[in-house]
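Below is one structure, written out as structure tokens; the observations come after it.
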Amino acid sequence: MSDPLSDPARVLIVFYSRSGSVEALAVAAADAARDAGATVRLRRAREVADADAMAKVEGWTENAARQNALYPAPTHEDAEWADAILFGTPCYFGAMATELKAFLDLLGPQWKRGALSGKVGGAFTVASWPHGGSEVVTLSLYAPMAHLGMVILPPGYTDAAMLEAGSPYGASAIVGAENADPRREDLDAIRHQSRRTVAIAQALIAAGEMPCRRS
């Protein structure tokens with residue numbers, strides 16, 4: 001077992017992305033966390049739709065294959081390893097992606113043991129339209145975090161970046177029907193949220209408030 005005070009904060013970023021927009025925010029969050037001194041695991045939740053359903057949506061099969069080759073699927077071990085977890089999802093009809101929900105739904109053993117209690121949690125989203133549900137979906141992710149006993153950490157307006165993009169609940173991007181790349185302002189917001197997550201997790205570790213850390 002390693003000394004928790006001698007290790008950098010461990011950040012797990014679990015996301016689902018169909019077109020690549022959420023992926024872009026997740027990668028920016030991972031880079032910012034590493035720059036802040038954290039050890040990072042970047043994981044993509046896997047499809048629950050079958051191949052026939054995926055084939056009916058242009059680019060879905062190809063994007064899934066590309067991303068799955070780059071990012072491992074999230075595991076229970078990843079969640080227990082982490083000091084902080086950021087969840088990223090598109091907004092589908094005002095709800096998180098089924099793929100991300102499926103990962104959360106399988107954390108029952110960790111809930112029962114309190115294995116995620118005290119870990120820092122946050123969320124970020126992507127929607128097609130300004131009223132596509134970004135804030136609703138971000139807030140909906142707070143509920144499972146609360147059940148797991150996590151320390152929910154919204155970015156608030158703690159940096160000028162949050163005045164330009166996202167919301168006080170979590171970074172977000174509006175990408176339109178064409179699934180445009182997130183703007184520079186969107187990337188700045190998720191980078192700030194990620195750095196803040198690392199800072200608070202590191203402070204909890206230093207204070208001895210982080211739950212038993214797995215090596």
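As numbered in UniProt numbering, the sequence shown has no gaps in its residue numbers, which increase by one up to the final residue, 215. Ideal Cβ placement from N, Cα and C applies to all residues, glycine included. Just so we're clear, the structure is a prediction, and the values are computed from it rather than from any experiment.
Problem set entry | Simplified DSSP state of Gly121, which is helix, strand or coil | strand
For this session: Please confirm whether Arg44 and Phe15 have their CB atoms less than 9 angstroms apart.
Result: yes
Exercise. If we ignore side chains and look at the alpha-carbon of each, how far apart do Pro109 and Ala51 end up?
Worked result: 30 angstroms
Problem set entry | Cβ-based burial, Lys119 [other Cβ within 10 Å; buried from 16] | It counts as buried.
For this session: Kindly provide the ranges of any beta strand (DSSP E) runs that are 3 or more residues long and lie completely inside the region 145 to 179, ordered along the chain.
Result: 172 to 174
For this session: Classify Glu164 as buried or exposed, calling it buried when 16 or more other Cβ atoms lie within 10 Å of its own Cβ.
Result: exposed
For this session: Quick one: give me the first and last residue of the alpha helix (DSSP H) that Leu86 is part of.
Result: It is not in any alpha helix (DSSP H) - Leu86 instead sits in the beta strand (DSSP E) that spans Ala84 to Pro90.
Problem set entry | Span of the alpha helix (DSSP H) around Arg66 | Trp60 to Leu70
For this session: Can you grab the Cα-Cα spacing for the pair Ser172 / Met210, in whole Å?
Result: Ser172 and Met210: Cα-Cα distance of roughly 28 angstroms.
Exercise. Opposite Thr197 in the DSSP bridges: which residues?
Worked result: Note: Thr197 sits in no beta bridge, so no partner.
Exercise. Hey, would you say Ala38 sits closer than 9 angstroms to Gln202, going by beta carbons?
Worked result: yes
For this session: Give the C-beta separation of Pro182 and Gly170 to the nearest angstrom, bearing in mind that I take them to be a contact with Cβ-Cβ under 8 angstroms.
Result: Not quite, the Cβ-Cβ distance comes to about 14 angstroms (not below 8 angstroms), so this is no contact.
Problem set entry | Buried versus exposed, by CB contacts within 10 Å (16 or more), His147 | So His147 counts as exposed.
Exercise. When the distance is taken between beta carbons, is Val57 closer than 9 angstroms to Cys91?
Worked result: no
For this session: Assign Ala127 to one of three DSSP states: helix, strand, or coil.
Result: Strand, per DSSP.
For this session: Give the straight-line distance between the Cα atoms of Gly114 and Ile152, rounded to the nearest whole angstrom.
Result: 15 angstroms
Exercise. Per DSSP, Val40 forms a beta bridge with which residues?
Worked result: Val11
Exercise. What's the call for Asp35, buried or exposed, on a 16-neighbour Cβ count within 10 Å?
Worked result: By the Cβ neighbour-count rule, Asp35 is exposed, with fewer than 16 other Cβ atoms within 10 Å of its own.
For this session: Can you tell me which of Val22, Ala32, Gly20 and Ser21 puts its alpha carbon nearest to the alpha carbon of Val11?
Result: Nearest of Val22, Ala32, Gly20 and Ser21 to Val11, Cα basis: Ala32.
For this session: Report buried or exposed for Val175, applying the criterion of at least 16 other Cβ atoms within 10 angstroms of its Cβ.
Result: The residue is buried, with at least 16 neighbouring Cβ atoms inside 10 Å.
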